[in-house]
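Some notes on the structure that comes next.
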Amino acid sequence: MEKHDLHHEFPEFDSRISEFKVANAHFKKLSDEYDEVNHAVHRIESGVETPADEVLTELRKKRLHLKDELYALLTQ
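Going by this note's numbering, the first residue of the sequence shown is number 248, and it counts up by one from there.
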């Protein structure tokens, strides 16, 4: 199963991610939300939970949206 945590998604921003989690409250909030959604997707993909397909699709969309927001903050 492929990892989607922020450090694997953006290895070029590894130190900046760690810095922003401490120094930027908005980034921290988005990062925590991303982690929660990512864990939910992982539980579904690994078969731990089996909701309707629409639930997984919506979670993946939300994860992508959060990732885009986080990337925008990292590249400012």
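For every residue, glycine included, the Cβ atom is placed at its ideal position computed from N, Cα and C. Note that the structure is predicted; figures quoted are calculated from it, not measured.
Asked	Found
Span separating the alpha-carbon of Pro258 from that of Glu292	23 Å
Secondary structure of Pro298, DSSP reduced to three states	coil
Exposure label - Ser278; buried when at least 16 CB within 10 Å	buried
Residue interval of the alpha helix (DSSP H) (run including Asn271)	That residue, Asn271, is in no alpha helix (DSSP H); it is neither H nor E in DSSP.
Residues of its chain near Asn285, where Cβ-Cβ distance is below 7 Å and the 5 sequence neighbours each way are ignored	His251, Asp252, Arg310
Burial state of Ala287 (16 or more Cβ within 10 Å)	buried
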